[in-house]
Amino acid sequence: MAGARGLRGATAGVVGLAAAAVVLVPLLVMARTVWVEGAGLDDMLASPGLGRAVRNTFMLALAVTVLSVPLGTLLALGLRRTDLPGRSFWRVAVLLPVLVPDFVLGYSWLRAYGRAGFTDDLLGAHWSAVQGPVGVTVVVVVNAVPLVYLITAVGLAARAEPAMERAARASGAGALSVLRTITLPLLRPATATAAVLVFVLTLGTFAIPQVMGSPAGFTTITTRIYANLARSSDPLAFVEAVSLALLLVVITVLVVAPADALLGPRLRVTRVASTDPASASGNRTAGRWVAATGIGCYSLLAVGLPLLALVSTAITRAVGLPPSPENWTFANFGSVLTPRTGEALGRSLLLAAAAASVLVLLGGLVAALERSRSGRGVATLVTLTLVLPGSTLALGMLIAYGRWIGGTLVIILLAYIAKLWAIAHRPISGALDRLPPDELHASRVSGASPLTAIRTVVVRPLAPALLAAWLVCFLTALHEVTMSSLLYGPGSETLAVVVLNSTELGQVGATSALSVVITVLLLLPALGFWFLIRRLTRDRMTVTAVPEPVRAG
Amino acid sequence: MTVRDRSARLAAALPLLLIAACGGSDGGSDSGGSAGSDGAAEPITLYTCVSDTTIQPVIEAFEQDNPGSTIDLYRAPTADLNARVAGDVRSGGLQADVIWACDPLTMQDYVDQDLVGGWTPETDVAADLRTDDYVGVAVLYMVAVSAQGIAPPQSWSDLTGEEYADGVAVPDPSFAASALGALGYFSQDPDFGIEYYAGLRDNGAVQVSAPDEVTTGVAEGVYKAGITNANSAYAAQSSGSPIEIVWPEPGAIAIYGPAALAVDAAQSETAKAFLSYISSEQGQTVIAEAGSYPALEGVPGPTIPEDAQIVFPDWSALADQKDTLLADYQQIFGS
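Line by line, the protein sequences give chains A and B.
Read in order, the letters of the first sequence correspond to residues 1 to 553 in the working numbering.
Read in order, the letters of the second sequence correspond to residues 1001 to 1335 in the working numbering.
Below you can see the structure in the form of structure tokens.
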């Protein structure tokens, strides 16, 4: 079919150009910088601190992946129970960490559980390990769990087969064996997607190790990069920062490329799933309260208490005073909210919406190309910029395009696309493979144009995955700090830049107030989109509730 | 290719165009060129790491006094500022006409790379606070803070004494330039030397990242005392934090924030006018009223105790010693 091939060629062209512009060019200019200026790098590679940082980074990424993937999956399975008490509330609550910028999350944990923190004031007990590797690991896990949950929940919505689960139950299988032999195997593509994303994101995570680990002497590659950038008026320190960023890229290539090449084809299940709103859940009476209590405790300890500590610090007049009513004040908020905040909020909303829309489109296109080997190559390629800390990715963009579009919103948008492409692509890819190619052919044979066929056959069942990807990209772009703070110019200050610039970081009250403000500003659009997604998901489910025959692949 | 294909790609490109249109209207003024031959004052670009609360009133006052002049501001923490400059240099050249940095070492690096310098305004700022390439326009003072119920240290060397055992917080000199200034001063003063830090370490002192963290930790009672900057300490104290602030013997350590003209802006009258303004008595008064310590003697500014002594690191020597000094320091506080 010439039309389909033409469309495929055009898709490959668009994706190839975009990947070259936002991924390859910045990486190449960084490599060139190291090549041209990297004379003194031998000393750097020989430094014992570097080996320790590499080991710390690797162990952290491993531990976070091993812990957050089961935890996120467990949450998704628990929240799938329609009989769960307070289900709709918990479904929003577990996503809260996505709304909270990661430096805020790290900071709020210190305020909640650290020395002289919330629990110390209230109960006279603190957790000293919160500052250091253990605390960093726990908080990065908390930060990663919503992403795993989201990908797994979308996977469950797209591919769970309640009919099969019910059949197994009717044939006498226990709840656990249904989980082990049917539900989890069907989820494998989603689980693999989540694991790869979490691993790479953790390799490149910066704010949490910087806030919680650095004071305790726990260094990672990203915190070393930052320390070098802080001294980068010295050209050698600058080159060292860029080299370390490229080292992260190399580690990512070594891990992700084999995973993509080996797992990709094997995980594809060509099986048509029918989703069914009355999904199978295990024993209806026992267990539901256990599940609700578990989710409740997790949400309270991981997010609730830290955010409460943050609010309490934000409204306390001065550091070192007890957070009692006579010490309450709103002055900290006054210092953060300036007239420019509103203007910047509008700009950030526009920027984030544009980035999310472009990203979902590009993510979908890469997912569509992935059935070929070169397509999988592109999938690996766009993961490379995900691992780069925002600061170095922004530098790559600045060196590559600064002379033409420096200081404009366009360069910030390009940086967002580079950073978040994999986050948009992988969840879509994880849900896409359940689409039977036959249906696309059938609609084309019946006279539908390529676009109509894609719109009706492909986009519709993918709506939850597309919307989830859009939402995550939108929210992440909305509270992004590092890249916009390095790239902005007059007239392109984002919300985070204005809010961060309005206060000196380090002043505890103002920092807390600023964190509360950012979180609340994000909460409003996020809740709106959440309800939109729920409505769309419900509509879709009633449309596709007609049972379809199960085809073996 | 069908018409629909084309319209789909156009739809995909729309968000990009939209953003380009929005950013483009303002982005054009960011080129930092200084071609103003038509008589009207050309806009200049200022890169700085000083806080918004200080820089905004200064820009406002300057633009009011110089009608028609506009300043495009890029403000960011030191690490971002340095990275931005490094990126600019590798992408067609420095975009700033004026840089206002937070410590002399950073500025000296830029002078060494021929990015700034070669001109300074006529000013009464003391010779300790300027060179032929840049002039100090604000000052940070490193002082000591102590928690309530603890006797405040009278001299820096008190912090190595038993009274403060396991309770002193020191800011990280590889993180904060002001802490590096303190390290420089102590290492250069024969009464202290790098051994001073070994003494602190032996006394159980703890390293934190930034001076603000020292202030916070002491206010919360986590530490007995610490080395921090005066702005941070007085801000906490005036909002009610239970701390004492001392300018210890032989003196608080002064770290000045220098401003310099970009080499490429040598012809820009506006850039020169701005530098002259911020180092003049009038500009210094605005800076002081905004809460920063002025560099010009006689301009009333934030709190300095009557009998306070002030000491200065030898910055030009420190520029050469920096790397070995940091290595020696890390031998002691190793992280």
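Glycine included, every Cβ here is placed at the ideal spot set by N, Cα and C.
Beta-carbon neighbours of residue i, restricted to chain D and to distances below 7 Å
| i | result |
| --- | --- |
| Ala116(A) | Although the question refers to chain D, the structure presented lacks it and instead comprises the protein chains A and B. |
Residues that DSSP places opposite residue i in a beta bridge
| i | result |
| --- | --- |
| Trp1100(B) | Thr1048(B) and Ala1259(B) |
| Ile315(A) | None; Ile315(A) has no bridge partner. |
| Gly407(A) | Tyr488(A) |
| Ser1155(B) | Glu1249(B) |
| Leu1073(B) | Leu1046(B) |
| Tyr1141(B) | Ala1254(B) |
| Tyr1134(B) | Answer by DSSP bridge pairing: none, since Tyr1134(B) is not bridged. |
| Ala1169(B) | Val1206(B) and Gly1226(B) |
| Ala1147(B) | Ile1243(B) |
| Pro1294(B) | Ala1138(B) |
| Ile1310(B) | Ala1252(B) |
| Val1116(B) | Ala1262(B) |
Cβ neighbours of residue i in the same chain (closer than 8 Å, five flanking residues each side left out)
| i | result |
| --- | --- |
| Leu523(A) | Leu99 |
| Tyr1110(B) | Val1085, Ile1099, Ala1101, Val1116, Gly1117 and Ala1260 |
| Val1311(B) | Tyr1185, Asp1189, Pro1250, Gly1251, Ala1252, Ile1253 and Ala1254 |
| Gly1028(B) | Its pLDDT being 36, under 50, Gly1028(B) is placed unreliably by the model, and the measurement read from it follows with that caveat. Cβ within range, chain order: n/a, list empty. |
| Thr181(A) | Ala168 and Ala173 |
| Val360(A) | Ala424, Ile428, Leu466, Ala469, Trp470 and Cys473 |
With 16 other Cβ atoms within 10 Å as the buried cut-off, status of residue i
| i | result |
| --- | --- |
| Leu532(A) | exposed |
| Glu1122(B) | exposed |
| Ala1064(B) | In the sequence as displayed, the identity of residue 1064(B) is Gln instead of Ala. Exposed, by the Cβ-count rule. |
| Pro215(A) | buried |
| Asp1158(B) | buried |
| Glu1162(B) | exposed |
| Ser1037(B) | Low local confidence applies: a pLDDT of 41 at Ser1037(B) is under 50, so the model's placement there is unreliable, and no value is given. |
| Pro1015(B) | Below a pLDDT of 50, predicted positions are generally treated as unreliable, and Pro1015(B), at 47, falls in that range; no measurement from the model is reported. |
| Val445(A) | exposed |
| Glu1042(B) | buried |
| Gln1331(B) | exposed |
Same chain only: Cβ atoms within 7 Å of residue i, ignoring 5 sequence neighbours per side
| i | result |
| --- | --- |
| Ile1227(B) | Met1142, Ala1144, Val1170, Pro1171, Ala1182 and Val1214 |
| Leu229(A) | Ala241 and Ser391 |
| Ser1232(B) | Pro1211, Asp1212 and Thr1215 |
| Leu67(A) | Val141 |
| Ala352(A) | Phe474, Ala477 and Leu478 |
| Tyr1234(B) | Ile1245, Pro1302 and Thr1303 |
| Asp1191(B) | none |
| Asp1124(B) | Leu1296 |
| Ile151(A) | Ala190, Thr193, Ala194, Pro427 and Gly430 |
| Val319(A) | Val508 and Gly509 |
Whole-Å CB distance - residue i paired with residue j, under 8 Å assumed
| i | j | result |
| --- | --- | --- |
| Ala469(A) | Gly1221(B) | Actually they do not touch by this definition, with Cβ atoms about 47 Å apart. |
| Phe1062(B) | Ile1071(B) | 7 Å |
| Val145(A) | Leu203(A) | At roughly 17 Å, the Cβ-Cβ gap does not stay under 8 Å, so Val145(A) and Leu203(A) are not in contact. |
| Ala18(A) | Leu362(A) | 6 Å |
| Gly430(A) | Thr193(A) | 4 Å |
| Val517(A) | Val336(A) | 5 Å |
| Val23(A) | Val382(A) | 6 Å |
| Val211(A) | Tyr107(A) | 5 Å |
| Tyr1293(B) | Leu1140(B) | 7 Å |
| Arg317(A) | Gly1240(B) | 5 Å |
| Val178(A) | Glu165(A) | 5 Å |
| Ala1319(B) | Leu1105(B) | 6 Å |
| Thr222(A) | Phe206(A) | 4 Å |
| Gly407(A) | Ser484(A) | About 11 Å; that fails the 8 Å criterion. |
Contact set for residue i: own chain, Cβ-Cβ below 6 Å, skip 5 residues either direction
| i | result |
| --- | --- |
| Gly509(A) | Asn332 |
| Pro1248(B) | Ala1144, Pro1153, Ser1155 and Trp1156 |
| Val25(A) | Ala400 |
| Leu1343(B) | Residue 1343(B) cannot be examined here, being either before or after the span of chain B that is shown, 1001 to 1335. |
| Gly364(A) | Ile428 |
Any non-hydrogen atom of the ligand FAD closer than 7 Å to residue i Cβ
| i | result |
| --- | --- |
| Ala163(A) | Of the ligands one can find in the structure shown there are none, so the ligand FAD has no counterpart to examine. |
Segments of 3+ residues assigned as beta strand (DSSP E) that fall wholly inside the region 1184-1262 of chain B: DSSP runs (the beta strand (DSSP E)) wholly in the region 1184-1262 of chain B: 1206-1208, 1225-1229, 1243-1246 and 1252-1261.
Starting from the N-terminal side, write out each stretch of the alpha helix (DSSP H) that is 4 residues or longer and does not extend beyond the region 314-363 of chain A. The DSSP assignment places 331-336 as complete runs of the alpha helix (DSSP H) inside the region 314-363 of chain A, in order along the chain (cut-off: 4 residues).
Runs of alpha helix (DSSP H) wholly within the region 160-214 of chain A (minimum 4 residues, chain order): Counting whole runs of 4 or more residues, the region 160-214 of chain A contains the alpha helix (DSSP H) stretches 162-170, 175-178 and 184-203.
Of all the alpha helix (DSSP H) runs that stay within the bounds of the region 19-59 of chain A, which reach a length of 4 or more residues? If one requires a minimum length of 4 residues, the alpha helix (DSSP H) runs lying completely within the region 19-59 of chain A are 25-37 and 41-46, in chain order.
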